[in-house]
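Asker: What follows is a single structure, and I will ask about it in a moment.
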Amino acid sequence: MAASLKEMTSNFVKLEKFDGGNFIRWQKKMKFLLTTLKVVYVLNTTRPLEKEVETLADTRERQKWDNDDYICMGHILNGMSDSLFDIYQSSISAKELWEKLESRYMQEDATSKKFLVSQFINYKMVDSKSVMEQRHEIEYILNNYKQHKMHMDETIIVSSIIDKLPPSWKDFKKSMKHKKEDISLEQL
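Take the position in the sequence shown, starting the count at 1, then add 209; the result is the number in the numbering used here.
Take a look at the structure:
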């Protein structure tokens with residue numbers, strides 16, 4: 210068991226450190242890790258209380274919860290940038306830490322929708338980078354739209370991307386703008 214746990218956790222070393230951005234993506238990845246480690250339940254349950262007359266099973270249940278909480282909190286903190294680690298390390302439990310993160314960064318996610326709109330509208334392609342590289346950057350922004358359950362008409366997206374093409378593509382831009390039929394994002 211110990212070897213398999215060590216093997217599992219070493220496979221998750223590639224989890225990006227949370228730095229305050231893309232909370233929803235990081236949260237999903239972290240929940241997947243915590244589920245795999247079988248400790249995610251501590252985020253939704255309270256610590257079993259000590260009883261006046263306690264059985265060995267009661268004590269073991271509480272000790273298991275304490276250990277799982279420690280592992281859960283350690284993985285969450287380890288999944289953060291150093292600056293965020295320093296801010297949140299004093300949390301008492303994984304549940305408290307998780308709730309602090311959700312309350313802070315889910316609110317920011319609402320404002321990040323405005324940021325995403327602005328990011329897409331203001332994106333301009335340049336000649337110094339390959340068009341494919343820049344297309345991937347735009348696709349990344351559009352995937353963030355989907356992640357935030359935001360929708361934009363495909364015709365508007367295609368037209369906007371054509372407008373964003375670098376200056377050296379002006380003839381292509383002009384020909385695309387004057388086409389009578391709509392083209393899909395895939396065709397573009």
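Note that the Cβ used here is the ideal one computed from N, Cα and C, for glycine as well.
1) Going along the chain, which residues of its own chain have a beta-carbon closer than 7 angstroms to the beta-carbon of LYS226, five neighbours each way excluded?
2) Can you tell which of GLN328, THR255, HIS360 and ILE350 has the C-alpha that lies nearest to the C-alpha of ALA303?
3) Tell me whether the beta-carbon of LYS383 lies closer than 8 angstroms to the beta-carbon of LEU374.
4) Does the count of Cβ pairs from the region 238 to 248 and the region 278 to 286 closer than 8 angstroms reach three?
5) What separation, rounded to the nearest whole angstrom, lies between the Cα atoms of MET239 and ASP372?
6) Can you tell me the Cα-Cα spacing of MET210 and PRO257, whole angstroms?
7) Which same chain residues end up closer than 8 angstroms to TYR349 when comparing Cβ atoms and leaving out the 5 residues on each side of it in sequence?
8) Please work out which residues of its chain come closer than 6 angstroms, Cβ to Cβ, to TYR314, disregarding the five sequence neighbours upstream and downstream, and give them in chain order.
9) If you follow the alpha helix (DSSP H) that TYR332 is part of, which residue opens it and which one closes it?
10) Which one of ASP336, LEU306 and GLU311 has the shortest CA to CA distance from LEU286?
11) Could you work out which residue in GLN236, ASP362, VAL262 and SER292 is closest to SER312 when comparing CA atoms only?
12) Would you call LEU252 buried or exposed, if buried means 16 or more other Cβ atoms sit within 10 Å of its Cβ?
13) Using DSSP bridges, identify the partner residues of MET239.
14) Nearest to SER393 by CA position, among ASP277, TRP378, MET385 and VAL367, is which residue?
Answerer: Walking through what the data contain:
1) Contacts found: GLY288, MET289 and SER290.
2) Comparing Cα-Cα distances from ALA303 to each of GLN328, THR255, HIS360 and ILE350, the minimum goes to THR255.
3) Cβ distance not < 8 angstroms, so LYS383 and LEU374 don't count as in contact.
4) Judged by Cβ distances under 8 angstroms, the region 238 to 248 makes contact with the region 278 to 286, as three or more pairs qualify.
5) Computed Cα separation, rounded: 38 angstroms.
6) Residue confidence is low: MET210 scores 48 on pLDDT, short of 50, so the model does not pin down where it sits. No coordinate-derived value is stated.
7) Short of 8 angstroms from the beta carbon of TYR349, and not among the five residues preceding or following it, lies no beta carbon of its own chain.
8) Around TYR314: PHE232.
9) Run containing TYR332: none; DSSP gives neither H nor E here.
10) Per the Cα distances, LEU306.
11) The shortest C-alpha separation from SER312 is found at GLN236.
12) By the neighbour-count rule (16 or more Cβ atoms within 10 Å), LEU252 is buried.
13) Answer is none; MET239 lacks a bridge partner.
14) Checking every option, the nearest Cα to that of SER393 belongs to VAL367.
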